[in-house]
Amino acid sequence: MKKKVGLVLPGGGARGAYQVGVLKAFLEISKTKSKSPFDIYSGTSAGAINGAFLASQAHIFDHSVVSLVDVWSNFTTNKVYKTDPITMFKSSVHWFLTIVSGGVLMPNPASLLDNQPLRILLRKRIKFPDIQNNVESSIIESLAVTSASYRSRKSCTFFQANSNVNNWRKTHREGKKTTINLDHLMASVALPLIFPAVRIKDEYFGDGAMRQATPLSPAIRLGAEKLMIISAKETDDRFQFNNPREQYPSFAKITGYMLEALFLDGLYSDIERLNRINQIIKNSGDREIRTNNKTMKYVDYLVISPSEDLNEIAQKHYHNMPLSIRLLLQGLGLLKDRKSELLSFLLFESAYTNELIDLGYRDGIGKKEEIADFMNR
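Written out as structure tokens, the structure is:
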């Protein structure tokens with residue numbers, strides 16, 4: 030009997046282009062045409078956008094990957110957030126007056142940047158009713174989009190699935206069955222302070238990476254028996270910064286560090302946890318292992334991650350950023366001759382995203398045998 034396969038797409042801002050490159054390679058390796066090879070799609074932040082896009086076109090999987098490549102390869106920053114000088118000036122003045130007056134002269138700003146252009150783009154490119162059509166037709170089993178609730182202070186996974194999947198509630202995380210719409214995606218990408226929080230019913234939600242200590246959990250809870258995980262973080266220690274004359278960290282460096290920790294560190298901790306569980310189950314032989322009245326199960330997985338330093342790639346394309354954003358980043362302490370995590374997350378320019386797509390494609394092709402073996406075992 031075929032095992033249910035989950036595709037896990039963590040967050041990473043503009044780094045999400047790397048995931049698209051890997052999927053492009055996967056399409057070539059698997060020779061998949063119409064039917065989706067994945068039963069469960071689970072995404073956070075930019076990964077949620079990629080997951081929802083694929084789930085909405087799962088009945089034409091090959092076309093969905095080609096379309097997703099087209100979206101990311103033609104990105105410009107102003108398709109994601111407003112970069113015109115007037116908007117940026119108003120935002121800067123608003124923040125300044127709010128801070129110096131303690132909120133007396135101006136109400137508290139919702140965010141540093143306005144990502145209304147992204148909302149317009151997603152409304153045009155994703156047909157949300159088709160997600161339910163694909164669930165009802167059993168083309169896919171479920172789609173999960175994770176956000177963070179500012180009210181409950183929990184990681185909240187909104188999921189769309191067939192009738193036999195119920196809500197769940199655990200410490201600091203919960204799952205809510207719903208019909209995924211544009212607001213769920215915009216909430217999942219709402220980086221704290223950078224993009225505005227999104228109201229869903231009577232709660233405000235922010236980026237799904239916040240408080241998401243177990244990014245593999247939603248796909249497993251929805252029935253995945255093996256996971257393909259496309260990470261946007263390099264795992265090679267050679268890519269760590271090596272600056273013998275280290276200066277005091279700028280605001281930009283600290284923010285980039287926080288974003289990297291927010292988006293990427295939880296994934297590898299969760300993979301280590303999954304490894305321990307898998308090892309316990311393997312060592313138990315035929316004996317059933319139970320916890321909290323549930324039987325633990327072995328979950329096979331494959332991780333694909335960048336073979337090159339994405340911060341270094343972003344640095345090469347610094348000049349492609351709109352002038353208003355470059356000035357903002359320089360004001361935060363970002364130097365054009367230094368690698369920056371923050372730049373690698375916010376650089377939604379086609380020269381950069383295309384290079385990440387190409388890298389993802391090469392890394393995927395480089396794991397051709399591993400991918401083929403994973404899908405067939």
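Plus 29 on top of the position in the sequence shown (first one is 1) and you've got this note's numbering.
We put the beta carbon where it would ideally sit given N, CA and C, even for glycine.
Nearest candidate by alpha-carbon position, reference residue i, set the options
i: Arg228; options: Ala139, Ala281, Arg44, Val37; result: Ala139
i: Asn349; options: Leu361, Thr324, Leu357, Phe377; result: Phe377
i: Glu289; options: Phe90, Ile386, Leu371; result: Leu371
i: Gly88; options: Lys205, Pro158, Ile306; result: The sequence as given places His at residue 88; Gly does not occur at that position. For His88, the nearest C-alpha among the options comes from Pro158.
i: Ser334; options: Ser65, Gly45, Asp231; result: Gly45
i: Glu399; options: Glu170, Thr186, Arg302, Ala54; result: Ala54
i: Ala281; options: Arg355, Glu301, Ser217, Lys255; result: Arg355
i: Gln145; options: Leu83, Tyr327, Thr61, Ala226; result: Ala226
i: Ser166; options: Arg152, Leu134, Ala190; result: Ala190
i: Ser181; options: Ile309, Phe234, Ser171, Gly40; result: Phe234
i: Pro221; options: Gly237, Phe125, Asp113, Gly252; result: Gly237
i: Val100; options: Asp402, Ala216, Lys397, Asn383; result: Asn383
i: Lys32; options: Phe292, Glu170, Tyr179, Ile209; result: Glu170
i: Thr284; options: Ala81, Arg152, Ile223, Leu251; result: Ile223
i: Leu151; options: Ala253, Lys108, Ser102; result: Lys108
i: Leu97; options: Ser59, Ser121, Glu254, Gln48; result: Gln48
i: Lys199; options: Leu142, Leu357, Asn321; result: Asn321
i: Val261; options: Ala84, Leu385, Ile155, Gly252; result: In the sequence as displayed, the identity of residue 261 is Ala instead of Val. Nearest C-alpha to Ala261: Leu385.
i: Ala43; options: Thr105, Ser65, Met135; result: Thr105
i: Ser209; options: Asp387, Leu251, Gln161; result: Per the sequence presented here, residue 209 reads as Ile, with Ser not at that position. Answer by Cα proximity: Gln161.
i: Leu211; options: Tyr286, Arg250, Asp113, Ala81; result: Ala81
CB contact check: residue i to chain D, cutoff 8 angstroms
i: Ala46; result: Annotation note: the requested chain D is absent from the structure, which comprises a single protein chain.
Contact set for residue i: own chain, Cβ-Cβ below 8 angstroms, skip 5 residues either direction
i: Gln241; result: Thr73, Thr175, Ala177, Ser184, Arg202, Gly295
i: Asn196; result: Glu203, Gly204, Lys205, Lys206
i: Ala380; result: His346, Asn349
i: Pro247; result: Ser71, Ala173, Thr175, Thr186, Phe188, Gly204
i: Ile310; result: Ile318, Met325, Lys326, Tyr327
i: Glu232; result: Ser178, Tyr179, Arg180, Ser181
i: Val34; result: Pro66, Phe67, Asp68, Ile69, Ala253, Glu254, Lys255, Leu256, Met257, Met404
Bridge partners - residue i, DSSP secondary structure assignment
i: Arg319; result: Thr324
i: Gly72; result: Leu38, Val174
i: Trp197; result: Gly204
i: Ser246; result: In DSSP, Ser246 forms no bridge with anything.
i: Ala23; result: Any answer about residue 23 is impossible in this case: the structure gives the chain only from 30 up to 406.
i: Arg228; result: Tyr233
i: Met257; result: Leu36, Leu331
i: Ser140; result: Bridge partners of Ser140: none, in fact.
i: Ser379; result: Ser379 pairs with nothing; no bridge assigned.
i: Ser369; result: According to DSSP, Ser369 bridges with nothing at all.
i: Ser184; result: Ala177, Arg202
Same chain, Cβ closer than 6 angstroms to residue i, neighbours up to 5 away in sequence not counted
i: Phe268; result: For Phe268, the predicted model reports a pLDDT of 49, less than 50, meaning its position is unreliable and no value from the coordinates is stated.
i: Thr243; result: Asp299
i: Met257; result: Leu36, Leu331
i: Lys62; result: Asp91
i: Val218; result: Ser74
i: Ala77; result: Val174, Leu214, Ser217
i: Ser85; result: Ile155, Lys156, Asp159, Ile160
Near the ligand NAP: residue i beta-carbon under 7 angstroms from a heavy atom
i: Pro335; result: Among the components of this structure there are no ligands whatsoever, and the ligand NAP is therefore not found.
Contacting residues, own chain, Cβ-Cβ under 7 angstroms from residue i (five flanking each side not counted)
i: Leu303; result: Leu245, Val328, Tyr330
i: His123; result: Met135, Pro138
**Message:** Ignoring anything shorter than 4 residues, give me the alpha helix (DSSP H) runs that lie fully in the stretch 83-121, in order along the chain.
**Reply:** Taking only runs of at least 4 residues, the alpha helix (DSSP H) segments lying wholly in the stretch 83-121 are 90-102.
**Request:** Determine, using beta-carbon pairs with one atom in the stretch 48-63 and one in the stretch 387-395, whether at least three such pairs fall under 8 angstroms.
**Result:** Under the 8 angstroms Cβ criterion, the stretch 48-63 counts as touching the stretch 387-395, having at least three qualifying pairs.
**Item:** Runs of alpha helix (DSSP H) wholly within the stretch 285-315 (minimum 4 residues, chain order)
**Value:** Counting whole runs of 4 or more residues, the stretch 285-315 contains the alpha helix (DSSP H) stretches 295-312.
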